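So the sequence lines, in the order shown, correspond to chains L and V. The first sequence begins at 1 in my numbering and counts up by one. The second sequence begins at 399 in my numbering and counts up by one. For every residue, glycine included, the Cβ atom is placed at its ideal position computed from N, Cα and C. All values reported here derive from a predicted model rather than from experimental measurement.
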Amino acid sequence: MLRLEIAPRPNWQALAQEFGFQFHTMYGQTYWDESAYYRFTLEQIERDLEAPTEEIHQMCLEVVSRVVQDEALLHQCAIPQAFWQYIQDSFQKSDPSLYSRLDFAYDGKNPAKLLENNADTPTSVYETGFWQWLWLETQVDKYQLPRQSDQFNSLQEKLIARFHALKQQVSSRLHFACCQDSIEDRGTVQYLQDCAEEAGIDCDFVFIEDIGMSEDGLLTDTLDMPIYWLFKLYPWEFIFQDEYGQFLPQQACVFVEPPWKAIVSNKALLPLLWQMYPNHPNLLPSFFEKDLAQASTIQTLVKKPFFSREGANISIFNQNEAHGQKPAPSHTTVKSTDGPYGEEGFIYQAYHPLPKFGKHHTLIGSWLVDGQAAGISIREDTSLITQDMSRYLPHIII
Amino acid sequence: MKRSQSLNLNRMRKNSGSRQLVKVTVKPLALAALAALVGCSQKEEAVLVNSVEDCLATTDFTEDQCNTAYQQAVDEANRTAPKYQDAATCEQEFGPNQCQRSSSGFFMPFMAGYLMSSALDFNRNRYNPVYNYQGNGRYNGQVMTSDGKALGRIGDKRLNVSRDTLTKPMPTVRRTVSRGGFGSQAAAKSNWGSSSRRGGWGG
Numbered sequence: 001m002l003r004l005e006i007a008p009r010p011n012w013q014a015l016a017q018e019f020g021f022q023f024h025t026m027y028g029q030t031y032w033d034e035s036a037y038y039r040f041t042l043e044q045i046e047r048d049l050e051a052p053t054e055e056i057h058q059m060c061l062e063v064v065s066r067v068v069q070d071e072a073l074l075h076q077c078a079i080p081q082a083f084w085q086y087i088q089d090s091f092q093k094s095d096p097s098l099y100s101r102l103d104f105a106y107d108g109k110n111p112a113k114l115l116e117n118n119a120d121t122p123t124s125v126y127e128t129g130f131w132q133w134l135w136l137e138t139q140v141d142k143y144q145l146p147r148q149s150d151q152f153n154s155l156q157e158k159l160i161a162r163f164h165a166l167k168q169q170v171s172s173r174l175h176f177a178c179c180q181d182s183i184e185d186r187g188t189v190q191y192l193q194d195c196a197e198e199a200g201i202d203c204d205f206v207f208i209e210d211i212g213m214s215e216d217g218l219l220t221d222t223l224d225m226p227i228y229w230l231f232k233l234y235p236w237e238f239i240f241q242d243e244y245g246q247f248l249p250q251q252a253c254v255f256v257e258p259p260w261k262a263i264v265s266n267k268a269l270l271p272l273l274w275q276m277y278p279n280h281p282n283l284l285p286s287f288f289e290k291d292l293a294q295a296s297t298i299q300t301l302v303k304k305p306f307f308s309r310e311g312a313n314i315s316i317f318n319q320n321e322a323h324g325q326k327p328a329p330s331h332t333t334v335k336s337t338d339g340p341y342g343e344e345g346f347i348y349q350a351y352h353p354l355p356k357f358g359k360h361h362t363l364i365g366s367w368l369v370d371g372q373a374a375g376i377s378i379r380e381d382t383s384l385i386t387q388d389m390s391r392y393l394p395h396i397i398i
Numbered sequence: 399m400k401r402s403q404s405l406n407l408n409r410m411r412k413n414s415g416s417r418q419l420v421k422v423t424v425k426p427l428a429l430a431a432l433a434a435l436v437g438c439s440q441k442e443e444a445v446l447v448n449s450v451e452d453c454l455a456t457t458d459f460t461e462d463q464c465n466t467a468y469q470q471a472v473d474e475a476n477r478t479a480p481k482y483q484d485a486a487t488c489e490q491e492f493g494p495n496q497c498q499r500s501s502s503g504f505f506m507p508f509m510a511g512y513l514m515s516s517a518l519d520f521n522r523n524r525y526n527p528v529y530n531y532q533g534n535g536r537y538n539g540q541v542m543t544s545d546g547k548a549l550g551r552i553g554d555k556r557l558n559v560s561r562d563t564l565t566k567p568m569p570t571v572r573r574t575v576s577r578g579g580f581g582s583q584a585a586a587k588s589n590w591g592s593s594s595r596r597g598g599w600g601g
């Protein structure tokens, strides 16, 4: 695994315009960065990322099957009681999932360590499935990269195949929804809609805020057409708190991602995985606050809210002599971010620094379509905590 | 090869004029109303068939055409059949054991048949499903289309129906009584902090 510099394609901004990639630069900062790329060997990809990704997914399903049967665990995951049965039903019926992204710390040598599972509303799917694929094709065509260069990225192909399979299970129109005022989310949802349409599904779009409810209790779009099948780039934990949330258990609307993903995307998954698969080479020791005594020998911990997104409200701190005590402000905080999350509680994970390539901290996102590993995305940040403005870099296999 | 072999670049292009980021959709109800104004007086003869075999026996359509029309009617039924939250309400209208659970979880009546008409261009027109109302509801004994239009009595075979009934997509429009029940959490979270940047809700 190497970080190598390369000349950006002279026409890449025009290409981005042509293909509607509108968020390559956001708030005056570079997001898509093709001044460098990462190079992997096939063995690194297959042994260290592809295989663990599929294995961890199966382990996560085991955790979910345990949590849905255990009210204490549902409570511990901060899932409101009104939705326990709903989530349990959705898992027992095997409500189909579309995709997830596992985030790993991986340096090319040691086992990749799972940092978290973005199983409900993963983004950067367009940059991965399409845009970095196009980057490789065009760089190879221009002899900037060797002809035999490959990429771990069958994401778009697998998404289309998955939509094809879902079409056989759900025969309704598929509505896509995201919140207003985010060009990034709108682009992400449009991309998934393109994939669904490529699979022959009839699609519509509606903003989350514009969804209505009919007198017979169905969700409706702005044309008053009922929504029977909804892809929502909007987290389940928000839905649970929203006004319409309470009506969903009586609804027959099929959601993508399904309700049981509320458990997989929850950071409570991390200590539960560690309890069920202790010392697994791809897991980091993780604990609920009540079990923090077990973490007394771990020098540095990362504190994460159950429902944090894009690196918000995360702190890294060193434990002092008061081993096993609840961390107090007196503990040395190495690095922290602020944000709107944390009311529902925190988990603690052994600190495992992101590998550094030059001055860049590098994070690997490993994609799953249903249960199959489908490619990787790479984010770089000069900070220890990867946030939403971390730059996206392409990669190759050679 | 670990990457997608080929991708449809044409679908991915966004500035060609034909595909824009936000698609404009025509409101189907308005279309239907317009069609009703201009075309409601025209009647066509149609045959109500209840299977591909019945279609072959009672019409001049080929086996391929009967099959295609059947499949189209089934798809249309899945999309537009009247749907109910529970089996009892559905059976009240359609009779005991006359309802099935749809893939999206609603209860809907079995398709009783579909309409074939030689007055239509086979390649351009749709073949709409019909349902038998055999329950204790007020429509008892009638055959209706997805949009609740009565065509005749159960058992009627040859029907004179408006051209619209044969050709127009069935609206399944609802009366929306409230909006905005989603999104309050996103609004609450995005008010946090002083930063002017507003990220999405993915991660």
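Hey, does residue 401/V have any beta-carbon neighbour from chain L nearer than 8 Å? yes
Look up residue 348/L in the DSSP assignment and say whether it is helix, strand or coil. strand
CB contact flag (residue 532/V, residue 538/V, <8 Å): yes
Counting Cβ pairs, one atom from each stretch, are 3 or more of them under 8 Å apart for the region 171-189 of chain L and the region 546-565 of chain V? no
Along the region 72-95 of chain L, where does the CB come closer than 8 Å to a CB of chain V? Name the residues. none
Using the C-alpha atoms, what's the distance from residue 93/L back to residue 299/L? 43 Å
Name the DSSP beta bridge partners of residue 198/L, please? None; residue 198/L has no bridge partner.
Have a look at 153/L, 107/L and 219/L and flag the residue whose alpha-carbon is nearest the alpha-carbon of residue 250/L. 219/L
Measure the alpha-carbon distance for residue 390/L versus residue 151/L and round it to whole angstroms. 21 Å
Given residue 197/L as reference, the closest of 400/V, 399/V and 408/V once Cα atoms are compared: 408/V
Of all the residues that make up the region 535-553 of chain V, which are near chain L by a beta-carbon distance shorter than 7 Å? none
In chain order, which continuous runs of the alpha helix (DSSP H) of length 4 or greater are located wholly inside the region 66-97 of chain L? 71-76 and 84-92
Please look up how many angstroms separate the CB atoms of residue 565/V and residue 518/V, rounded, as I've assumed it's under 8 Å. 7 Å
List the residues of chain L that residue 469/V touches, going by C-beta distances under 7 Å, in chain order. Those do not exist, as residue 469/V stays about 12 Å from chain L at its closest Cβ, beyond 7 Å.
What are the partner residues of residue 256/L, as DSSP defines its beta bridges? 231/L
Would you identify the three-state DSSP class for residue 314/L, choosing helix, strand or coil? coil
8 Å Cβ cutoff met for residue 185/L and residue 204/L: no
Cβ atoms of residue 82/L and residue 246/L: under 8 Å apart, would you say? yes
Of all the options 52/L, 31/L, 10/L and 1/L, which has the alpha carbon lying nearest to the alpha carbon of residue 372/L? 52/L
Inspect the beta-carbon positions of residue 30/L and residue 125/L and report whether they are closer than 8 Å. no
Please state the DSSP three-state secondary structure of residue 582/V. helix
Check whether the Cβ atoms of residue 394/L and residue 34/L lie closer than 8 Å to each other. yes
Please state whether DSSP places residue 443/V in a helix, a strand or coil. strand
DSSP puts residue 371/L in a beta bridge; with which residues? For residue 371/L, which the question treats as bridged, DSSP gives no partner whatsoever.
Determine the closest residue to residue 491/V out of 471/V, 474/V, 454/V and 536/V, with distance taken between C-alpha atoms. 536/V
As assigned by DSSP and simplified to three states, the class of residue 34/L: coil
Contact between the region 50-70 of chain L and the region 226-233 of chain L: three or more CB pairs below 8 Å? no
Does the beta carbon of residue 252/L sit closer than 8 Å to a beta carbon anywhere in chain V? yes
Closer than 7 Å between beta carbons: that is the criterion. Which residues of the region 157-172 of chain L meet it against chain V? 157, 169, 170, 171 and 172
Contact residues within the region 478-503 of chain V, judged by C-beta distance below 7 Å to chain L: 483, 501, 502 and 503
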